[in-house]
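Visitor: Chains as they are written, first to last, in the numbering used here: chain A, 2 to 287; chain B, 2 to 160; chain C, 628 to 1450.
(1) Under 9 Å between beta-carbons, which chain B residues line up against residue 917/C? List them in chain order, please.
(2) Go ahead and pull the three-state DSSP assignment for residue 879/C.
(3) Can you tell me which of the three DSSP states residue 13/B falls into?
(4) Against residue 773/C, what residues of chain A qualify as contacts under a CB-to-CB distance less than 7 Å, listed in chain order?
(5) Measuring only the C-alpha atoms, how far is residue 1066/C from residue 1278/C?
(6) Give me the Cβ distance between residue 677/C and residue 744/C, rounded to the nearest whole Å; I'm assuming they're in contact under 8 Å.
(7) Taking residue 9/A as the query, report the chain C residues whose CB atoms sit under 9 Å from its CB, ordered along the chain.
(8) Anyone know if the C-beta pair for residue 123/A and residue 47/A falls short of 8 Å?
(9) Does DSSP put residue 143/B in a helix, in a strand, or in coil?
(10) Tell me the rounded alpha-carbon separation between residue 162/B and residue 1339/C.
(11) According to DSSP, is residue 1049/C helix, strand or coil?
(12) Under the assumption that residue 716/C contacts residue 961/C (Cβ atoms under 8 Å), give the Cβ distance between them as a whole number of angstroms.
(13) Do residue 669/C and residue 911/C come within 8 Å of each other at the CB atom, strictly closer than that value?
(14) For residue 225/A versus residue 128/A, is the C-beta distance shorter than 8 Å?
(15) With DSSP run on the structure shown, which of helix, strand or coil describes residue 1357/C?
(16) So which of 1166/C, 1364/C, 1250/C has the shortest CA-CA distance to residue 1205/C?
(17) Using DSSP bridges, identify the partner residues of residue 74/A.
(18) Please list, in chain order, all residues of the same chain as residue 932/C whose beta carbon is under 6 Å from its beta carbon, the five residues on each side excluded.
(19) Tell me the start and end of each unbroken alpha helix (DSSP H) in the region 1084-1134 of chain C that is at least 4 residues and wholly inside, in chain order.
(20) Beta-carbon within less than 6 Å of residue 783/C's beta-carbon, same chain only, minus the 5 sequence neighbours each way: which residues are those?
(21) Whose C-beta lies closer than 7 Å to the C-beta of residue 181/A among residues of the same chain, with five residues either side of it excluded?
(22) Expressed to the nearest angstrom, what Euclidean distance is found between the alpha-carbon atoms of residue 1156/C and residue 971/C?
(23) Is there a Cβ of chain A sitting closer than 8 Å to that of residue 16/B, yes or no?
(24) How many Å lie between residue 750/C and residue 54/A at the Cα?
(25) Just list the residues that DSSP pairs residue 829/C with in beta bridges.
(26) For residue 1424/C, count neighbouring C-beta atoms within 10 Å of its own C-beta (all shown protein chains included) and say buried if the count is 16 or more, exposed if not.
(27) For residue 187/A, report the span of its beta strand (DSSP E) as first-last.
(28) If you measure from the beta carbon of residue 137/A to each beta carbon in chain B, is any gap under 8 Å?
(29) Would you say residue 59/B reaches chain A, if we count a Cβ-Cβ gap shorter than 8 Å as a contact?
(30) Please state the DSSP three-state secondary structure of residue 107/B.
(31) Using a Cβ-Cβ cut-off of 8 Å, state whether residue 112/B counts as contacting chain A.
(32) Can you give me the C-alpha to C-alpha distance between residue 68/B and residue 53/B, rounded to a whole angstrom?
(33) To the nearest angstrom, report how far apart residue 158/B and residue 86/B are at their CA atoms.
(34) Would you mind giving the Cβ-Cβ distance between residue 192/A and residue 1353/C, rounded to the nearest angstrom? I have them listed as a contact below 8 Å.
(35) How would you label residue 1427/C, buried or exposed, when you count the other beta carbons within 10 angstroms and need 16 or more for buried?
(36) Are the C-beta atoms of residue 161/B and some chain C residue less than 8 Å apart?
If you want it as structure tokens, here you go:
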């Protein structure tokens, strides 16, 4: 199917992009890789007046070591994240989650920040980014430097983030979790599906005991969720099924996941418990 | 209309396109590259897969304007004259196609896969062909073909 | 690298794993799909479709759309109602069959979501799509009936004018037909009675090439290119539907990207494109999107099956009663009404029980109409009986293969006339099963299963069995006549001997991925003794292949291939007088082998006369015997005398994660007997693809409507086709008992995998879970359904025997409403 007509701009700088966005307000759509936007345009679920392609802005490209964190620019593709030694070494969880996104062709074009800004609760990067305490850089026109938004404040609701009209998500900065074990457990019926649910787990172990744990959940609500109670209870536990099974089984408690073709809410809550245990054990083991 | 400059299968084209024109429609309708086909509207099926600057992409899931300044290789640019690429040869030899509609996308993705990993095992092949749907073959012979092309030791695209 | 293989002298082509002739163009992108066709001045169509399942059209405002840039016309049902006729149903299954008129464009009422209400014609596809958004349709919503069982209750009507949702009731009873005993008596006297109800969910064929039509009205004939399986049927039906002379219509099916029954149709879009081309005088194209295809191309399956199986305590089956409700959807398409009836002869499968009754109630709903999908009626039947045989084995506490063997037709009992009245000519179920068990390592897997059960492993192992047969080679025309089908089942072929020595073969069987160009070349190469490479197979254009009945129902080789053989034999017969003339011998003394005529008794050193040489002599026609026409070309039309009956044994091992309900296929072995094999490479490919379609019914696919009749699975995001990452490599093997009904000994292979695999998978999943008390899971066996079944069973005492008679609380009595919104 063919999208409705729109104008197209490929600004060379963030400033140009922000000018376009502030001029067009909610009639403009930002496109980085376009892998989530194109189907929406083709199905005519959205018909913006202007598409602002930020993929040619040099300052938005690349993955940088900022000392105790890794900064991923908004025009950086999933494949660049997968190919990055920095990500592999310091952000194992993100690496695992990104490797599970869609398929190779999509990963060659799609971007981490694009997915974060799109904020599909079934997307795979929200949960790990949330679990790893990332910070988003959101830039407004005429303001010097981006405002820093904690991941916990970034996700607002279904397809809704802290990025306002006329603003641009320019990067995500994620604290290094060097030496942490990690696992992303994605549950699907067929492999090219969106996650029915996903569990992102990162664990720092000390001598077979979980010292710290981070657990993020995909598609367990209208935005990515974290399981702080589970994280706290895991600390100090040996990494065995007997020790953590009961704790992890509570991961879905109090959540309001969707009910759809792929599963009712109670089934998703059940899966969250089982898969959290598996993800944490896998993370602790590796 | 926006002006773009794209190299497709080794030939440079300068064209005016509507911004909403999908890359696949530009290839098919403006350049006559009808070997690349469209099978869905949600980027699931991968029938439209081409290479953009050396990596596989779904040409129905990007705009022609996004390809400005890039090099595109389609199924029509894969063989070297009469000489089939190793992946094309393996697809024929393994009967990895029936109706042939998904085949251009399958071959382009398999070529990309083998460039990324020249010695894949079956599980790797199955996992990395997940973005391409086929309704005829049950994937059995497609997987065999990719493994056979890998064994031939030269899965990569010829340039 | 060369792509031709050197023919080995003296080697028969039939049976060789020839690489396909078709592939060169398909792997290099040198293809001719309908959507590739561009003609000068071509206009593009976009359909406006109803969002409602049932509504009255109270007004259509096309003003804005007509004024949009590039728009040439906007046509509504009102504009086309006097020209569009009613789309054909070729199979009135009973004389009383009820059916509403079937307009290409709805005139005053829409009866399913996706029905066309207007068509926009513009200079580009984009302009047509843009303007389609501007067509303003006013609807008055009517009560819609979506659920099949609700429709069968006949309270809310899909078509109020019909006064009922019941289209037809079709009954076969072995006692009445004289083919067996009274099933009610068998049920009354049964020592073991198994009653079950199974759901055949609705599926979408999902051929990879979306449908596409181009019509060129310039020139003397209207030329239609269409992504169709049935160019010949389409041509005839266009003529009959629209009142156009058949001779003024030429239909071409160029490269066609799969069909699986889904392109066995005369579609509204084909009729509309024809009418618009006639209206505008310009070439017109319609090319569907995938969402449009899922929404409005016909669907398949969709039945409730109620089964009663009577047996003796020793496991001998004595009778089977089948009561079906079959969902027609909103209209009767080409063979909609006949699809479930095709299953009538297959519920008895490979078994020789003496009494049988089949009742099928065809019912209308406000949904997309159903029609042929790979297997058409036979997968449904096979699923039912193979599930029932497992239920019987469970009831008796016996091995499922052993109970099957006790009841199947032994190899020495062929030919065997079944309780459904068919004569099975050949088969050897023992041989196929023995080979399958060996390849599968059946006994080892059973031992592993026992260990896992013993240890309470979180992941349980299940082994599933499916022994199947099917009726292929549709179909003897006399049989079709007795079933009130509107056409015959013959096939046509021509062989043309070109003066250069090349041979053109024209087949009426129009391929769309099956490899006819290769297989037919192999057959003709053997028949005429010419090189494989010198045979060119032409098909899919009614002006070249003027006569044919197309490709479906695993008929091409056993009917179409036989027609090719007959035509080739006629060529040889036609050449004989000339050969005798040149060799100065009697026709009666001629022998033909390896492409040459020789004279019997004239010695081994004689040169002989080549058929291709004679073709050149006939072209020159300088010295022909008196009275001989200057042509060796021959036509043949073959009408099969019987169906053919491939069979096989399929064994499947499934692992079931009892914590999540996730199922994973561990191994799959099938040993099929499809008679003589022309090309083993093509045969294996057909099996692999069929298997995955059948497995997909068991595990992944379902077309789902919401309560309002909106298709929820309207894109490939939600209609979940499996990928390479979801499937495994298969172990395939064959046994061969040649069919006796055609010269090749072939039986047909196109649908075998699909028919056999679904019950093998479901039986395996259930086999894994029976110790947990699970007795049935509705298809597709999604992780959630599997998990729910385990949970449901966990709250009940474990019941080792089969479920009670249609108890509302029995797990296999799930209705859509109880499945937590998944339907």
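Just so you know, even glycine gets a beta-carbon here, dropped at the ideal spot from N, CA and C.
Guide: According to the structure data:
(1) 39, 40, 41, 42, 43, 45, 46
(2) Correct three-state label for residue 879/C: strand.
(3) strand
(4) Result: empty, since nearest Cβ-Cβ is about 16 Å, beyond 7 Å.
(5) Residue 1066/C and residue 1278/C: Cα-Cα distance of roughly 9 Å.
(6) 5 Å
(7) Per Cβ cutoff of 9 Å: no residues; residue 9/A is ~15 Å from chain C at best.
(8) no
(9) helix
(10) Residue 162/B lies beyond the range of chain B shown here (2 to 160); nothing can be said about it.
(11) coil
(12) 7 Å
(13) Their beta carbons are under 8 Å apart, which means residue 911/C touches residue 669/C by this criterion.
(14) yes
(15) coil
(16) It is 1250/C.
(17) 172/A
(18) 825, 951, 1011
(19) 1104-1109
(20) 770, 772
(21) 93, 203, 204, 205
(22) Separation of residue 1156/C and residue 971/C (C-alpha to C-alpha, rounded to the nearest whole angstrom) is 43 Å.
(23) no
(24) 29 Å
(25) 928/C
(26) Here the model assigns residue 1424/C a pLDDT of 46, short of 50, so the residue's position is not dependable, and the following value carries that caveat. Per the 10 Å Cβ criterion, exposed.
(27) 182-188
(28) No, its Cβ sits nowhere closer than 8 Å to a Cβ of chain B.
(29) yes
(30) helix
(31) no
(32) 8 Å
(33) In this prediction, residue 158/B has a pLDDT of 45, which is less than 50 and means its spatial position is unreliable; nothing more can be read from the coordinates.
(34) 6 Å
(35) Low confidence applies here, because residue 1427/C scores a pLDDT of 41, under 50, leaving its location unreliable; read the following figure in that light. Classification of residue 1427/C: exposed, given that the 10 Å Cβ count is below 16.
(36) With chain B running from 2 to 160 in the structure shown, residue 161/B is simply not present.
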